[in-house]
Each structure stands twice: as structure tokens, then as C-alpha cells.
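Numbering (the numbering used here), first residue to last: 18 to 725. Glycine residues also receive a C-beta, built at the ideal position from the N, C-alpha and C atoms.
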Amino acid sequence: MPRWGWSCVWVALCGLAALAPAGCQNQTSALARLPDTMAQFIAYEPLIGTDDPGNVPEYESIVATQEPRRVLNQGKMEYWDATLEEILRIALANIAVIRDRAQFLSPSNLLLANPDATPSGFDPAIQESGGPNSYRGVETAQADFDPVLTLSTIWSDNALIQNNTFLSGGLQAGSELDENNAAFIAQASKTLTTGGQLTLSQTWDYNQNNAPNRLYTSVYVGALTAAYRQPLWAGSGVDFTSIAGPLSRNIPGGPLNQGLEIARLNTRISTIDFENRTMTLLKNVTDAWWDLAFAYEAYESEVQARDAAKQIWDQIKSRVDNGLERASVADEAQSRANYLERCVQTSDALTVLYQREAQLRRLIGLNVNDGFLIRPADGLRAQEATPDWQQTLAEALTHRIELRRQKTVIENVTIQLRAARSLANPQVDFISSYNINGFGDNLFNINNRGPYPGAYGTLFAGNQTGWNLGFQASMPLGFRAAKTQIRNLELRLAKARSVLAAQELEISHELANAYQQSDRWLANIELQEAKQEAARERAAAVAADYRTGRTSIDLLVRAEAALTEATVAYQKSQAEYRKALTELNYRAGRLLETLNITLADGISDARAYRATLARNLERVRGATPQALQIARENTAENTAEDTADGTIEQVSATQPASAGKKSPSRPFGPAAPEYSPFQLPPDDSTSADQPAATHPTTDADTEATSPD
């Protein structure tokens with residue numbers, strides 16, 4: 018390679034070594050910000066040569082399951098007496114993919130129909146590292162300000178017949194001009210947060226030819242240049258750059274959402290969405306938990322009803338077989354049909370139990386059957402809650418995730434509007450540069466020939482310099498695109514604010530419905546308890562009449578069925594009241610708080626929380642705008658006296674009921690009995706959650722059959 022070639026390569030390598038670290042610093046892997054339990058899945062890379070690249074070893078245990086439990090194949094019955102806290106802990110540990118309870122068995126199940134849209138615990142990290150829907154992440158937005166290194170080296174050779182003696186550099190007309198050229202450029206540029214651009218470049222142009230009228234046959238000409246360009250009007254300043262990104266990278270009329278501030282808001286929205294999906298998952302798990310608890314209670318009641326029907330049938334069949342009085346073939350057939358009907362109901366109840374246990378397993382990320390049958394250790398009996406409406410509504414307006422998300426969207430559009438108004442001005446840029454020129458026969462003064470032997474020596478001497486300074490302005494006449502964009506953002510902002518107001522109204526209606534459902538099932542508990550007691554008395558009376566021959570087998574069967582129906586209805590009321598309380602906490606936005614679960618990105622500013630809660634409490638009490646302003650000022654003064662640790666004083670939205678005191682809306686009925694954990698098959702104990710559904714029998718010597 019010619020000497021000029023090696024010189025250019027050496028300069029290129031030196032420039033790369035000197036400038037490359039500037040572009041690599043502060044680059045942190047996205048995995049460093051992820052929990053360790055999730056990083057193992059993100060860091061997975063398929064082995065080279067593996068036939069199935071989707072065969073992840075960590076997920077192999079998911080499909081290693083026993084066959085599902087069902088009525089005709091129950092398998093080994095071993096119970097897992099779990100608490101709701103344990104189930105929720107498992108659900109949070111398996112939150113890599115968030116499942117929706119309502120989408121199970123649906124053709125529109127996102128997990129199968131559109132996996133990319135499935136909510137996941139990875140979503141906040143995906144957004145921060147780039148975004149799933151072309152929304153820039155924080156790292157991507159920060160990359161706009163990373164230094165950019167550009168290197169270019171081009172060699173050329175040219176031979177050309179000269180036609181003019183005066184323009185050939187001293188060659189005679191008809192002579193051949195042999196020329197070798199090389200151009201080297203090393204440039205480092207960086208965009209500043211003010212929107213300006215700083216560039217440092219070094220250029221060398223090598224030329225060698227056979228023209229006689231030259232100081233050197235071969236020569237290096239170059240310059241070390243520093244240039245700076247700064248917008249002064251449209252798109253200038255840190256504020257615009259943090260919102261829309263550097264003006265030099267924005268397309269005229271394009272979106273203004275490429276800045277670091279917008280990226281942070283997008284990450285916040287993604288985190289809020291994740292919190293919302295997590296809360297929805299926990300609500301679904303809690304509802305499935307109480308549905309499973311009710312399924313156990315309902316199955317126990319059906320088993321007791323089946324055993325009682327078996328006793329009646331056995332006694333009547335014995336009388337018919339022995340030819341005793343008050344026993345006909347019709348009575349035996351009716352009692353047998355009643356027993357078979359109770360067997361069908363018991364089988365259906367067991368199927369429902371298995372299905373709800375499997376649904377709970379699906380939600381929390383467990384396989385179909387691991388050899389244990391989940392059995393709730395928590396009782397259905399819940400303490401009566403009498404929440405204050407205004408306090409709860411104020412907390413809902415403070416805590417609801419949807420409102421926090423919409424307020425973030427409003428902030429997003431508001432700052433974009435501010436950036437758009439900046440573009441409705443002429444673009445005026447300040448331009449400046451300063452360069453030090455170099456000239457020489459060699460780059461590094463190798464042969465020491467002539468007055469300028471080394472180009473770098475001339476460059477470092479700094480005797481040949483140049484500079485330029487000035488302004489550049491441009492503007493579209495009428496600013497039609499900028500004004501249209503401003504109008505669009507103003508309309509979007511107006512819509513976002515209207516949506517926020519509508520959301521607050523919608524939340525108040527949701528909370529009202531939760532209140533109504535809570536009272537409905539609370540009243541239903543007392544009514545169903547009274548109904549169960551009446552059904553029990555009826556069954557006992559009819560059984561006594563049947564033993565004395567004063568009534569028929571038909572009335573006895575009806576009384577037994579009514580008792581079972583009343584018992585199951587009472588148990589359902591207990592479960593639905595539990596779910597209604599969960600719904601109330603969910604609609605009030607405090608479900609995570611009641612479950613003792615805290616997210617890292619939740620509400621952490623004590624002063625902001627207290628101020629917002631106080632303002633919302635004044636709003637729901639019907640305060641005037643003037644009163645709200647006074648309340649805000651008073652809150653600001655009070656929060657200044659808060660403790661230095663910034664802890665938030667617990668504000669309870671539930672007023673505990675006094676001992677023995679009933680709500681005025683309560684219709685009637687005695688207080689529900691104390692609850693103790695129920696026992697289920699194969700245990701033969703009776704649930705203590707409600708008075709036992711004791712079915713009177715016609716023969717005290719007849720023993721109940723054990724549940725299948």
C-alpha cells in the first residue's frame with residue numbers, strides 16, 4: 018500500500034480509538050432494571066442447532082401435569098388447604114403473562130388469538146427499552162444525544178489526456194496527466210439538549226500527479242474544524258427538545274412525541290397499565306377464590322341432601338319389600354327418583370368444584386393437576402362493612418388508575434401543544450465554525466523536504482486559520498402545517514379533558530353500583546338465613562308427620578329439596594357478599610391496599626396524595642370553586658407541617674360498625690352465626706359457616722352413606 022494509504026489508515030484507527038468511548042458510555046443493559054425472577058426469561062437465547070427454538074427449559078414443568086380431575090376419574094384425593102394470601106403470592110410470582118378470566122374458552126382469547134397483545138409483566142420494560150407500538154423508550158430518546166462518529170476514506174486514480182497547455186498545470190497539450198487522490202474524513206458530532214449541534218471534524222485530501230508547476234509532487238491538504246449550530250426561535254431550547262426531540266431529526270408536520278419527556282410519560286403510562294392489569298388479575302383471582310369456596314360449600318350441602326334421600330329410599334324400599342303398611346310401590350319409585358336426582362345434583366356440584374379449581378389454577382399460572390386439590394382455608398363469613406360514601410368516592414377519584422392514566426395523557430398532549438406552538442415561528446439558526454488548516458508533503462514530516470514537509474506540523478502550528486459566523490432563517494408563508502398541528506392538539510386536549518370528566522362520572526356510577534350490590538347481598542344473607550331456618554323447621558315438621566302417617570312422601574321430598582335449596586342459597590349469598598366487598602374495593606381503587614400489596618411506582622408523594630384527597634373530598638361534598646381554592650391553600654399549609662419521613666396517614670374509607678349495631682337499611686333478621694373453617698369430603702364433618710342443613714330422617718337407625 019502507498020505511504021499515503023498507510024497514513025490514512027493509521028489516522029482512522031487513532032480517531033476511532035479516541036472517539037468511540039464517548040458514544041459507548043452510560044449505555045446500561047435493559048436487563049439491569051428488571052427483577053431477577055423475570056430476567057431469566059428475557060435473557061433466554063435458543064441454543065444453536067436446536068430443532069425447536071421455542072422449547073424453553075424453564076417452561077417444561079407447565080405441561081408436565083396429571084390428567085384433569087373429573088367425576089368419573091377423580092384420582093388420588095389429597096387436599097391443599099391454602100389461604101387467599103398464598104394464592105395471591107403465587108399469582109404475582111407468575112405474572113410474566115397476565116390471564117383474563119372472562120376470555121377463557123373464548124375465540125377472542127388474546128393469549129391464543131393475538132399473543133403480542135397479551136398483557137405481561139414484561140410490558141413496562143419493553144416500553145422503556147423501545148416500545149411495542151413505535152413509542153420511543155427512555156433509552157431510545159436519550160440515544161438522540163449520543164455522540165456520532167463518522168469515518169470515511171476514499172482512494173482514487175485517474176489518467177487523462179490534456180488538451181490545453183494553460184489549464185494542464187504545465188503539461189504540454191497531448192500529454193497524459195496521471196493523478197492519485199485520497200480523501201479522509203473523521204467527524205464526531207453531538208446533539209445538545211438545547212437543540213444545538215456541535216461538530217468536530219478533521220479532513221485530509223491527498224493529491225499526487227505529474228504536473229510540473231507544483232511545490233510538491235504529492236501534497237496533503239486538510240483542516241481541523243469545530244462547528245456549532247443553534248436554533249434561536251422555532252424548536253429552540255431545552256423545553257422543546259425534551260418534548261419533541263432535536264429539531265434536526267424532526268420531520269416538518271410530523272409528530273412531536275420523540276423527546277425524552279414524552280418517553281418518560283409513555284413509560285409511566287405503560288407502568289400504570291401494568292398496575293391496572295395486575296389489579297384486575299388480583300380481583301379475578303379473589304373472585305375465583307370465593308367461587309371455589311362456595312363450590313365446596315354447595316357440594317357439601319348436595320352430599321348431605323343425597324345421603325338424606327338415600328336414607329328415605331332405603332327405609333321405604335325396606336317397607337315395600339317386607340309388605341309393611343304405609344309403603345307403596347309408587348312411594349318407593351318416587352323416593353328412588355328423588356335419590357337419583359340428588360345424585361345428579363351432587364355429580365354436577367362436584368364437576369363445578371373441579372372446574373372452578375382448574376380456573377383458579379389457570380389464573381395463578383399453575384398446571385392442570387399437580388396431585389393436590391386446592392381447598393380454601395378461609396371462611397366465607399365476612400364482617401359487615403359500612404363505608405362512608407363521600408370518603409370512598411373521594412378516595413376513588415384519588416386512587417383510580419384510569420384517572421391517573423388519563424391525567425398522564427392530558428399532560429402528554431399539553432406539552433406537545435407547547436412544542437407545536439414553538440414551531441409556529443420562523444426558524445432562525447445561529448451558525449459558526451472555526452478551522453485550523455494544514456499543508457505538507459507528508460503527514461508526519463518523514464523526509465523533511467521543503468518549507469512545509471509535515472501537514473500535521475503545519476496544522477499544529479496554527480498559522481493558517483479560518484472562521485465563519487452568521488445566521489440562517491427560513492419560514493413557510495402562512496404556517497399552515499404548524500397551525501393545523503396546533504389545532505389538532507388543542508382538539509385532542511379538549512377531548513382528553515372531557516374524557517377525564519366523563520371518567521369521574523362513570524366511576525361514581527360504578528361505585529354506586531358496588532354499594533348497591535354490597536347492600537343487596539348483605540340483606541340477602543339475613544333473608545336467606547331466615548329462609549333456611551324456616552325450611553329446616555318445615556322439613557322437621559313434615560318428617561314428623563310422615564312418621565305418624567299424616568302426610569305423603571311427596572311432601573317430604575319437597576321439604577327436603579327446599580331445605581337444600583335454601584342452604585345453597587345462603588352459602589351463595591355469603592360468597593357473593595365477599596365478591597361484592599372485593600368489587601367495592603376495586604371500584605374505589607384501593608384493592609391493592611386491602612390486599613397489602615404495594616407497587617414500586619404507586620402513589621409515593623405524601624403531600625400530593627393528601628392535597629389531592631382533600632380536594633376530591635371537598636368536590637364530592639359539593640364545594641364551590643372558591644371553597645376548593647381555599648381548601649387547596651389550607652392543604653398546602655398543613656402538608657408543610659407533615660413529618661419529615663413523608664409517611665401518609667392512613668385514611669379509612671370504612672367505618673367499623675358498632676358492636677350489635679345494625680345498619681338502618683338492614684331489613685330484619687338475627688345476626689349471622691360465627692364462622693369456623695369448613696371441612697369437606699373425604700372428611701365427614703359439617704360446615705360451621707351456617708347452621709347445618711340437617712335433613713330429618715324417618716328412621717334413626719339408618720346410617721348415612723359416606724360421600725363418594
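Have a look at residue i and residue j and give me their C-alpha separation to the nearest angstrom.
i    : j    : result
A199 : L264 : 34 Å
V114 : P136 : 6 Å
S569 : Y603 : 51 Å
Q502 : F162 : 26 Å
A670 : S590 : With a pLDDT of 34 at A670, under the threshold of 50, the modelled position of that residue is not reliable, and the figure given next carries that caveat. A670 and S590: Cα-Cα distance of roughly 24 Å.
E412 : R632 : 11 Å
T425 : R435 : 15 Å
L128 : T363 : 34 Å
P393 : E527 : 29 Å
D174 : P468 : 27 Å
I403 : A597 : For the sequence presented, residue 403 should be read as Thr rather than Ile. Each residue's Cα considered, the two are about 13 Å apart.
L486 : A478 : 23 Å
I329 : V88  : 25 Å
R627 : L634 : 10 Å
W484 : N442 : 29 Å
A561 : V585 : 24 Å
Q423 : D324 : 57 Å
T220 : Y451 : 14 Å
L341 : T368 : 39 Å
Relative to the C-alpha of residue i, which candidate in the options has its C-alpha closest?
i    : options                   : result
G92  : T100, T82 and A113        : T82
W97  : L630, E428, A556 and E374 : E374
V559 : A552, L573, L370 and E550 : L573
G191 : E102, L177, I289 and L357 : L177
N462 : Y451, G474 and W172       : G474
Q444 : L616, F496 and V346       : F496
L357 : R266, L494, A110 and A322 : A322
F121 : A592, L380 and E610       : L380
S335 : A325, E349 and D290       : E349
T258 : R553, Q433 and N530       : Q433
Y371 : A312, V346 and N131       : A312
D117 : N293, R627, T431 and Y245 : N293
R595 : S218, H416 and Q400       : Q400
Q534 : A592, I614, E428 and W221 : A592
R281 : Q520, I143, R504 and L377 : I143
Are the beta-carbon atoms of residue i and residue j separated by less than 8 Å?
i    : j    : result
V637 : Q407 : yes
D458 : Q489 : no
L476 : I453 : yes
S439 : G212 : no
P164 : A205 : yes
M94  : L390 : yes
A579 : R555 : yes
P141 : T242 : no
E196 : N230 : no
G154 : G147 : yes
A531 : E600 : yes
L517 : L420 : yes
V302 : A108 : yes
A524 : L414 : Residue identity differs from the one stated: residue 524 is Ile in this sequence, not Ala. Yes, the Cβ-Cβ distance between I524 and L414 is below 8 Å.
V385 : L506 : no
A605 : H416 : yes
D395 : L101 : yes
A134 : G276 : no
Under the three-state reduction of DSSP, which class applies to residue i: helix, strand or coil?
i    : result
Q225 : strand
P681 : Confidence at P681 is low in this model, with a pLDDT of 35, below 50, so its placement is unreliable and no value can be given for it.
A402 : strand
Y96  : strand
S450 : strand
I112 : coil
Y469 : coil
S515 : helix
W484 : strand
N541 : helix
F257 : helix
A441 : coil
Q533 : helix
A243 : strand
Every unbroken alpha helix (DSSP H) within the segment 126-199, with a cutoff of 4 residues, ordered by chain: Secondary structure in the segment 126-199: the alpha helix (DSSP H) runs of 4 residues or longer, each lying completely within the stretch, are 127-130, 140-145 and 155-159 in chain order.
Runs of 3 residues minimum, wholly inside the segment 334-395: which ones carry the beta strand (DSSP E) assignment? 390-393
Tell me the start and end of each unbroken alpha helix (DSSP H) in the segment 563-631 that is at least 4 residues and wholly inside, in chain order. 570-604 and 608-611
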